[in-house]
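Colleague: Per our numbering, the very first residue in the sequence shown carries number 558; after that it's consecutive.
Where is the CB? At the ideal position from N, CA and C, for every residue including glycine.
To start, I am sharing the structure in question, which I have written as structure tokens.
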Amino acid sequence: MRRADRLFAVVQYLRGRRLTTAAQLAGWLEVSERTIYRDVADLAASGVPIDGEAGVGYRIRAGFDLPPLMFTFDEIDALVIGARFVESWGGPALGRGARSALAKIAAALPGDKRIALERATLFAPGFFIDPKPGERLDALRHAIGERRFADLDYKDVEGQSTARRVRPLGLYFWGDAWTLGAWCELRQNFR
């Protein structure tokens, strides 16, 4: 990895975390801790607001931002198909979020890359999708994020229906169906 790429990676890594040690950075970047100490010192000398010290850890002060990232054409295609997939399969709120994110990305891209994004030929049509599960996905996503209980009608393999109060933990997409991973208060077990 080029030094410039490594310095950029250090900043990116520190931006997403509270406190990171030189050992963690060295392991992630596959360099020595001594190299990390030099890199952090050079970044701080160039104006990056890094707080911390050797042996304790480092963090970047809140509010520090970098110029927008530039994407390769493959990365643009990945973003487009991902956003279109979420728009079709992820529920109304995530769909709006995906459209909004793509518009922001398009606005920040240089001309040739913006054209590539707008002309992307990767699609994830949603015309066979029942909209009701998408609305439920939004409610479950919020319950997960806010660590709230969710009340469900649960059907077992024999078709017996029971009301359940669960602690939703995660949503999993299997290609044609969503599954909720949760702790069931009634059964005192994961479902």
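Can you give the Cα-Cα distance for S718 and D631, rounded to whole angstroms?
Modeller: Between S718 and D631, the C-alpha separation is close to 46 angstroms.
Colleague: Which residue from P690, A583, A635 puts its Cα closest to that of A655?
Modeller: Among P690, A583, A635, the Cα nearest to that of A655 is on A635.
Colleague: In angstroms, rounded to a whole number, what distance separates the CA positions of Y711 and A658?
Modeller: Taking the straight line joining both Cα atoms gives about 35 angstroms.
Colleague: Contact defined as beta carbons within less than 8 angstroms: I believe L694 pairs with G648. What is the distance between those atoms, to the nearest angstrom?
Modeller: Contact holds; Cβ gap of about 4 angstroms.
Colleague: Near Y729, which residues of its chain fall below 6 angstroms by C-beta distance, leaving aside the five closest residues on each side in sequence?
Modeller: If we look at Y729 and ignore the five residues flanking it on each side, its Cβ neighbours are T736.
Colleague: Since L586 contacts V637 with CB under 8 angstroms, what's their CB separation in whole angstroms?
Modeller: Contact flag wrong, Cβ pair sits at about 30 angstroms.
Colleague: From the DSSP output, in three-state form, read off P690 for me.
Modeller: Correct three-state label for P690: helix.
Colleague: Could you spell out the range, first to last residue, of the beta strand (DSSP E) harbouring V723?
Modeller: V723 -> beta strand (DSSP E) spans 718–730.
Colleague: Looking only at DSSP bridge pairs, what is Y615 linked to?
Modeller: DSSP lists T577, G609 as partners of Y615.
Colleague: Bridge partners for K712 per DSSP, in chain order?
Modeller: According to DSSP, which records beta bridges pairwise, K712 is partnered with S718.
Colleague: So the candidates are R653, W731, E610; which of them puts its Cα closest to the Cα of A580?
Modeller: Taking only the C-alpha atoms, the option nearest A580 is E610.
Colleague: Any idea if V714 is buried or exposed, counting beta-carbon neighbours within 10 angstroms, 16 or more meaning buried?
Modeller: Per the 10 Å Cβ criterion, exposed.
Colleague: To which residues does DSSP link W740 through a beta bridge?
Modeller: R724, F747, per the DSSP bridge assignment.
Colleague: What are the partner residues of W735, as DSSP defines its beta bridges?
Modeller: In the DSSP output, where bridge partners are listed per residue, W735 has F730.
Colleague: Measure the Cβ-Cβ separation of V568 and V605 and say whether it is below 8 angstroms.
Modeller: Yes, they are a contact pair.
Colleague: Just confirm the distance between the C-beta atoms of G614 and L564, as a whole number of angstroms; I'd bet it's less than 8 angstroms.
Modeller: Rounded, the Cβ-Cβ distance is 18 angstroms, inconsistent with contact.
Colleague: State buried or exposed for P682, treating a residue as buried only when at least 16 other CB atoms are found within 10 Å of its CB.
Modeller: So P682 counts as exposed.
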